[in-house]
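Undergrad:
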Amino acid sequence: MSEPEYSYEDLYLPLAPHFRVDPYPDLHRLRALDPVHWSRTGYCWVLSRYNDVKQVLFDKRFGIGLDQLMQIEALKPVFAEPYNQIIRTQLLGADPPDHTRIRALFAKAVSPTRLDTLRRLSSQIVDELISNAKANGGMDLIADFAHPLPFRVICEILGIPESERAPLVDWTHAMMRPTDPTPMTPADTAWANQSAYGFRDFFLSMMRADRAQPKEGFFHDLVLATDDGKITEEELVANLILLFCAGHDTVINLFGNGMLALFRHPRQLQILQEDPSLIRGAIEELLRYDTAVAIARRTAMEPVEIGGRVIGRGQYVLCLLNAANRDPEIFDDPDRLDVRRQNVKVLSFGGGVHYCLGAQLARVEGEVGLTALLTQLPGLEPTTLDPVWRRNVFVRGIESLPVICQSPA
Ligand code: HEM
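Just so we're aligned, residue 12 is where the sequence shown starts under the numbering used here, counting upward by one.
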């Protein structure tokens, strides 16, 4: 795999401190100057135009190519780490036919029939969180609302008893750490390894408990699928970890980034409060405006030409979903938040075979949660409009957002 010959300064520097706070000026510059960009520092292609990103996500000449990536000398020690061994067979690291087989089993977690139940469950949780906020005169929108809602929903989907949930919070943070491009310290690696072992032992013990005393539900069906040889135990554990982490650490940012955007645009907030029937469309716009999962990664399985440049076989491609979602060729005045924007076809859930498995659930949680925040707490006010951003530029979100409830209990 050789480096392309053209030269350009590296226009994509996601580790720069300003990028974490507001990546969009850099992303516009990148898209305008070099939309099919070779990053020398990342040793990968970086795509920022909507149509190019979409093409790669749907083009079968691109895949994950984990086996090829594992052959890259510099990456060998990283792949050898226990945390990477434990999650090796995750859907996001798999290509068909394994991907197709595993995905079919996990898609049942959020089947249309289950979605109705999950909508009711989301409403119950939201009612409780809103009345707590009213009683306390405020809350941290992240810790007290955006986190507990999807966290409790995914725990219920998997049948994780309430008394056993506490360690899962820290393990999730540890497993998300390697998704950020900032180099891992030895302490980060140790944390990720311990957490991956923690998750693995936790799910293996749930499987043993289910075999001893079967309980009908999604988890039990997965245990049966393992016994029937449809999925190995290793694949099951890896994908339970993925479902668990992806199932809540993303939705948090739909609420965090979304509410922050609305607070920063009070007229848009007011439009939604006056007409909550706009909320479904507004969720697509909020997902577009400040995209929570910023990047999808692919490998070229054969040479492919994009925008006049040839992506070589085995080369790695970053599809910038956040840049694509602000492409002026597709979205009129893309930096404007407009909750009434029509036909917003976002790439926020990716596309192609890896299209987000939980997209519909995320939309349901978003709809139930945002409707309640806007209608039941109409006087909600943030204590800051400049919160601290999480370090991770792959999954973009804020650490915390204290809000005051003007409406008394
Ligand atoms: C607003 C919330 C969410 C966002 C923005 C989001 C975004 C994404 C994106 C962009 C991908 C594709 C990544 C790629 O192609 O490389 C993805 C995949 C995935 N997501 Fe989500 N997601 C969200 C919520 C959820 C939820 C609630 C669940 C589970 C209940 C979930 C489970 C998954 C899984 C399992 C995959 C891997 C699918 C595959 O590889 O076939 N996500 N998500």
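For every residue, glycine included, the Cβ atom is placed at its ideal position computed from N, Cα and C.
Within 10 angstroms of its Cβ, does A91 collect 16 or more other Cβ (buried), or is it exposed?
TA: Flag for A91 reads exposed.
Undergrad: Residues in its own chain within less than 7 Å of P345 by CB, not counting five upstream and five downstream?
TA: Around P345: R337, D338 and P339.
Undergrad: On the DSSP bridge assignment, give the partners of H48 in chain order.
TA: V57.
Undergrad: Give the straight-line distance between the Cα atoms of P25 and R40, rounded to the nearest whole angstrom.
TA: Cα-Cα distance, rounded: 13 Å.
Undergrad: Where F405 and T190 are concerned, what is the direct C-alpha to C-alpha distance, given to the nearest angstrom?
TA: Taking the straight line joining both Cα atoms gives about 6 Å.
Undergrad: Drop a sphere of 10 angstroms on the beta-carbon of E227, count the other beta-carbons inside from all chains shown, and report buried for 16 or more, exposed for fewer.
TA: E227 is exposed by the Cβ-count criterion.
Undergrad: Would the beta-carbon of A236 fall within 7 Å of that of L116?
TA: Going by C-beta atoms, A236 is nearer than 7 Å to L116.
Undergrad: Work out the CA separation of T193 and P107 for me, nearest whole Å.
TA: Going from the Cα of P107 to the Cα of T193 covers about 30 Å.
Undergrad: Quick one: give me the first and last residue of the beta strand (DSSP E) that A311 is part of.
TA: Looking at the DSSP string, the run of the beta strand (DSSP E) that includes A311 is I306 to A311.
Undergrad: Say yes only if the C-beta of S359 is nearer than 6 Å to one or more non-hydrogen atoms of the ligand HEM, and no if none qualify.
TA: Correct: S359 has its Cβ closer than 6 Å to the ligand HEM.
Undergrad: Compare the beta carbon distance of R60 and R42 with 7 Å and say whether it is the shorter of the two.
TA: Against a cut-off of 7 Å, the Cβ pair of R42 and R60 comes out as a contact.
Undergrad: In the DSSP assignment, the beta strand (DSSP E) including C166 goes from what residue to what residue?
TA: Run containing C166: none in the beta strand (DSSP E); it sits in the alpha helix (DSSP H), P159 to L169.
Undergrad: The ligand GTP heavy atoms versus the CB of R278: any closer than 6 Å?
TA: Looking for the ligand GTP in the displayed structure turns up nothing; the ligands present are the ligand HEM.
Undergrad: Give me the residue from F230, G325 and P398 with the minimum Cα distance to A118.
TA: Looking at the Cα atoms, F230 is the closest of the given residues.
Undergrad: Thinking C-beta only, is E285 closer than 7 Å to T100?
TA: No, they are not a contact pair.
Undergrad: Any heavy atom of the ligand HEM closer than 6 Å to the beta-carbon of T261?
TA: T261 Cβ: within cutoff of the ligand HEM.
Undergrad: What are the start and end residues of each continuous alpha helix (DSSP H) run of 4 or more residues lying completely inside the segment 312 to 346, in chain order?
TA: Those alpha helix (DSSP H) runs which fall completely within the segment 312 to 346 and span 4+ residues are 332 to 335.
Undergrad: Is the closest heavy atom of the ligand HEM to the C-beta of C256 under 6 Å?
TA: Because no heavy atom of the ligand HEM lies under 6 Å away, the Cβ of C256 does not count as near it: no.
Undergrad: Span of the alpha helix (DSSP H) holding P277?
TA: Residues P277 to E285.
Undergrad: Would you identify the three-state DSSP class for Q417, choosing helix, strand or coil?
TA: Of the three classes helix, strand and coil, the one that applies to Q417 here is coil, per DSSP.
Undergrad: From this set, T111, H29, Q417 and G170, which residue's C-alpha is nearest L391's C-alpha?
TA: Comparing Cα positions, the closest option is Q417.
Undergrad: In or out: S50 buried (at least 16 other Cβ within 10 Å) or exposed?
TA: Classification for S50: buried.
Undergrad: What does DSSP give as the partner residues of D349 in its beta bridges?
TA: The partner list for D349 (beta bridge, DSSP) is empty, contrary to what the question assumes.
Undergrad: Check each candidate in F274, M187, L22 and G170 and name the one with the smallest Cα separation from N95.
TA: Looking at the Cα atoms, M187 is the closest of the given residues.
Undergrad: Leaving out five residues on either side along the sequence, give the residues of the same chain with a beta carbon under 7 Å from the beta carbon of Y300.
TA: Result list for Y300: A272 and L348, in chain order.
Undergrad: Since V180 contacts L215 with CB under 8 Å, what's their CB separation in whole angstroms?
TA: Rounded, the Cβ-Cβ distance is 20 Å, inconsistent with contact.
Undergrad: Could you have a look at F73 and say whether DSSP puts it in helix, strand or coil?
TA: Residue state, collapsed to three classes: strand.
Undergrad: Would A185 pass as a contact of W202 if the rule is Cβ separation under 7 Å?
TA: The answer is yes: Cβ separation under 7 Å.
Undergrad: Comparing alpha-carbon positions, which option in V304, A146 and V414 lies nearest P393?
TA: Taking only the C-alpha atoms, the option nearest P393 is V414.
Undergrad: To which residues of the same chain is I113 closer than 8 Å at the C-beta, ignoring the five residues directly before and after it?
TA: Hits under 8 Å: T100, L102, A105, I242, E246 and N250.
Undergrad: Hey, how far is the Cα of I263 from the Cα of H158?
TA: Spanning the two alpha carbons is a distance of roughly 5 Å.
Undergrad: Under a Cβ-count criterion, where at least 16 other Cβ atoms within 10 Å of its own Cβ denotes burial, should A420 be classed as buried or exposed?
TA: Confidence is the limiting factor: at A420 the pLDDT is only 45, short of 50, which leaves the residue's position unreliable and the question unanswerable from this model.
Undergrad: Using three-state DSSP, classify I97 as helix, strand or coil.
TA: It is helical.
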